[in-house]
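Under our numbering, the first residue of the sequence shown is numbered 243, with each subsequent residue one higher.
For glycine and all other residues, C-beta sits at the position ideal for the given N, C-alpha and C.
I have placed the structure first, in the form of C-alpha cells, so that the comments after it can refer back to it.
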Amino acid sequence: MATGIALIPVARASDLEAESRKRSDAMQNQPVIQGLAAHVRTRWDSSRTAKRDLEERMLQCLRQRNGEYDPDKLQEIKDQGGSDIYINLTSVKCRAATSWLRDTLLGSGSDKPWSITGTPNPEMPPEIMQELQARLANELAIHLQQGGMQPSPSELRTMAVQMKDEAEREMREMSADRVARMERKMEDQLHEGGWHKAFNEFLDDIVTFPYAVLKGPIKRKRKTLKWQNNELVPVEEIRNEWERVDPFMLYWAPWSWELGDGYVIERHRMTADDLQALIDVPGYNNDAIRTVLNDFSTSGMKEWLWTDASKAEAEGKYVTEAIISGDLIDALQLWDSVKGSLLLEWGLTEKEIPDPALNYPCEVWLIGNTVIRAVLNYDPLGRKPYYVTSYENLPGSVDGKGVTDLCRDAQAMVNASGRALANNMGISSGPQVGINISRLPSGEDITDMHPWKIWQFSSSDYGDNSPPITFFQPQSNANELMAVFEKFSARADEDTMIPRYMTGENTPGAGRTSSGLSMLISNAGKGIKQVISNIDKNVITPAIERLYQDNLRYSKDPDLIGDVNVVATGASSLVIKEAEAVRRNEFLQVVLNSPVAQQIVGMDGTAELLRDQAKHLSGNIDRIVPDRQQLSVVQQQQQTIAQLQEQLAAIMGELQNSGMAPGMPGGGMTSGPAPKNMLPDGSQVGGREGNMMSPRPNGI
C-alpha cells in the first residue's frame, strides 16, 4: 500500500453555490441592506406612478411614427365600418428631421459636432516664469560685463515684457499642438466606445419621443483581440463606452425640472450573460450576483409594467416571448443623494463620509430584493451620466415635444380626410342600385349583376307601378376632401418647421429657381438651428467635457492639459460652414497670387493654410503638405544650398579677377571667356616667354 500521498479535498459546485448563497443571505438580511433596498423601492414606486401619463403619450408617439392607430381609435373606426387607411405623414417628417440633423451634426463622416480649443491666454507654469527670470538676469549680467550702462527700471520692464510676450507666443503654439493631439485621442476614444452608433440612435429618438437620452462615459471591461508577440491574442481592457438609453427605461423624481435636480432610476433588462459580466467588476458584490444567477428564472426578478406589452406590440415583437421570457430579468439602477448618516448605517466608512449631516451622491443596483451594488457616485461633482434634451424643450420640465407631438393634430386631420376620401371614392366609384324585392320572383340573385343580364319581374299584388329596379350615382366629394387633405398636410410643415421641399418635393413659387430654393432652405434652417442648439448645449458639450475630465483624472498621457474649452459646433456649422470654406479659399488664393503676401505670411503660414484646406479632403494630409518639422528641414536645406551658391559665385568672381578663368590650360575648366592674348584659332599672340611679338599671319 502506497503511503505519503496526500488527498486534496475538492469542493463540489453545489457546495460552492451553497456557501455563496449563505454569505449573500447574511449580507442581504442586515438591516442596513434591507433599508437600502426599501429606499430604492420607494423611489421606484414614486417615479413610476408619476410617469404614467407621459408613458401613454410616448406609446402614442411610437404608434404614430409606425403608422398605427391607437387601440381605442382603431376599434372606433371598425365599429363605424369603412376604410382604416393611415396616411403616414409623421414618418416622412421624422425621417426628414433625422436626415437634416445627421447631415448637420455628422456631415460626411470626417466632420464632428465638437472641438476643443486652448484658452486665449494659456496659464504659464511656474517653471517657465522662473526660467524667464533667470534668463533676464543672465542677459543683464552679460550686458554689464561688456561695459554697458545699468538699465533703467523702464528699460528693464520693457525687456521683461518682450521676453514674456515671446514666451506666451511659444506657449500658445505648444498649447495648440497639444490640444490637437488630445482632440485626436478623444475622437479615437469616442469611436471605440460606440459614440457614433449611440448618437445616431439618439437622433431617431429625439424626433420620435418627447425626449431622448444619451449615456456615458461608462467604464466597462471588454475582451478584445490585439496583436502581441506576432500573434492575435484576446486581452481585457477597461474603456469608456456610450449608449442610447431607451426613453421608456428612464425615470426621474416627479418634482424635477431638470434631470440633474433629483434622483434618477434606469431600468435595465439583462440576460444572464450581462449579469455574469459584472462578476469581479469593482463595486459589485460577487456573492449577490451569483445568488441572482441561481434564481434567474423566478418571477420575483421581473418588474412587469403595463407599458411592456403595448410597447412590444408597437415594435412588432411577439409579446409573450418579449415580456414573459425567462431569459431576461429587470435591474433597477438608482442615482440619488442620500444623507451621510444613513450611508454610514449602510456600511460606508467615515473616510468616505466625513460629515454625516451632509448628503452624498450614490449609486445602487437592485434586482428583486437583492442589492448587487452600493457605492458613492464616482463623479467628483455628483453628476449623473445621462444627457437629456428634446426637439422642442419646455422650460421647467424634463420632457418636451418631438416631431410626433408637434404634428399630431395635423396627422389626425389628414387621416380623417384620407379615410373619408377612401370611403367616398369607393361609394361613388359606380352606381348604387335600388330593387323592389316584392317584384322579384323567388330565387332571383340580386347580387349577380353583369352586362346583358336578363331580369325577371313579377306584377305587384298591390298595384305598385314604381320601377322594380333603380340606378342612381352617389355624389363624389373628392375635390373638397383633397383640399382638406392638402391644407392639413401644409399645416404639418408649419407645425414642425420641416417644409416638404426638404424631402425633395416640387415647390411652387420661389422654390422653382436655385436661388429661391436656397433662400427657402436658409429660412427653414432657423427652426432646425434651435433643435441643434438644444443638442449642443444639453448633450454634446457636457458629454465631451465629461470625457475630457475623465482623461485628466485617470489618463497618464503627457499631452493632457487642463486649460481648454469644449466647443459644440453643430448650430454654428449650419450657418457658417459653407461661408467659412469660401472665405478660407479666397484668402489662400490671395496669399498664393501675391508676392508681397507670401513674404509677409512666409512659407510656414502658407503651409498652415494649405494644411487647413487639406483637412476637408479625404486624402492623407501628411502626404500632401509636410508638417512643421519637415518644413523646417526643407528650409534649412534651401538656406544651405543658397549659401553654397553664394560661395561658389564668390569663388568664380575671384578666379575671373585673378586671370584663372575657366578654359585656361591647367585651370581645369573647359568653358568661359578666352584670355586676352589668345587668338580666335587658339594660338597665343606672344612667344613661349610672351616677350616678343611674332609676325602676324596674312590677313590679320
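- Cβ atoms of residue 450 and residue 649 stay farther apart than 8 Å, at about 12 Å.
- For residue 632, the number of other beta carbons within 10 angstroms of its own is at least 16, and it is reported as buried.
- DSSP places residue 713 in the uninterrupted beta strand (DSSP E) bounded by 711-714.
- DSSP places residue 600 outside both helix and strand once states are collapsed to three, so it counts as coil.
- Assignment of residue 457 by DSSP, reduced to helix, strand and coil, places it in the strand class.
- Around residue 715, the same chain offers 673 as residues with beta carbons nearer than 6 Å, after the five sequence neighbours per side are excluded.
- Boundaries of the beta strand (DSSP E) around residue 575: 571-581.
- Residue 464 is not a Cβ neighbour of residue 473, given a cutoff of 9 Å.
- Taking all protein chains in view, the Cβ of residue 827 is surrounded by fewer than 16 other Cβ atoms within 10 Å, so the residue is classified as exposed.
- In this structure, the CA atom of residue 853 is about 20 Å from the CA atom of residue 356.
- A direct Cα-to-Cα measurement between residue 577 and residue 608 gives close to 12 Å.
- Closest option to residue 417, judged by alpha-carbon separation, among 663, 360, 799: 360.
- For residue 724, the uninterrupted alpha helix (DSSP H) run begins and ends at 720-738, by DSSP.
- Secondary structure note for residue 476: its beta strand (DSSP E) is the uninterrupted segment 473-487.
- Secondary structure of residue 884 (DSSP, three-state): helix.
- Of all alpha-carbon atoms in 614, 502, 376, 454, the one lying nearest the alpha-carbon of residue 486 is that of 454.
- In the DSSP annotation of this structure, the continuous segment of the alpha helix (DSSP H) that includes residue 301 starts and ends at 294-308.
- With 16 or more neighbouring CB atoms inside 10 Å of its own CB, residue 629 falls in the buried class.
- One thing to note: residue 713 has its Cβ no nearer than 9 Å to the Cβ of residue 668.
- Residue environment for residue 280: exposed (fewer than 16 other C-beta atoms within 10 angstroms of its C-beta).
- Between residue 306 and residue 549 the beta-carbon gap is near 16 Å, outside 8 Å, which marks them as no contact.
- Under the criterion of beta carbons closer than 8 Å, residue 514 and residue 538 qualify as touching, at roughly 6 Å.
- Residue 770 is positioned such that its CB atom lies closer than 9 Å to that of residue 739.
- In this structure, the straight-line span from the alpha carbon of residue 502 to that of residue 626 is close to 7 Å.
- Residue 393 sits away from residue 405, with the two beta carbons spaced by 9 Å or more.
- In the three-state reduction of the DSSP assignment, residue 438 falls in the helix class, which pools H, G and I.
- Burial is judged here by how many other beta carbons sit within 10 angstroms of a residue's own beta carbon; residue 653 has at least 16 and is buried.
- Counted as a single uninterrupted DSSP element, the beta strand (DSSP E) harbouring residue 809 occupies residues 806-810.
- In the DSSP assignment, residue 617 falls within the unbroken beta strand (DSSP E) covering 612-618.
- Around the beta carbon of residue 894, a 10 Å sphere encloses fewer than 16 other beta carbons of the protein chains shown; the residue is thus reported as exposed.
- Taking 9 Å as the cut-off, the beta carbon of residue 428 is found no closer than this to the beta carbon of residue 777.
- Membership of residue 391 in any beta strand (DSSP E) is not indicated, and neither H nor E is assigned to it by DSSP.
- The beta carbons of residue 494 and residue 475 sit about 44 Å from each other, so the pair does not count as a contact at 8 Å.
- Distance from the CA of residue 499 to the CA of residue 641, rounded to the nearest whole angstrom, comes to 9 Å.
- With fewer than 16 other CB atoms across the displayed protein chains lying within 10 angstroms of its CB, residue 695 is exposed.
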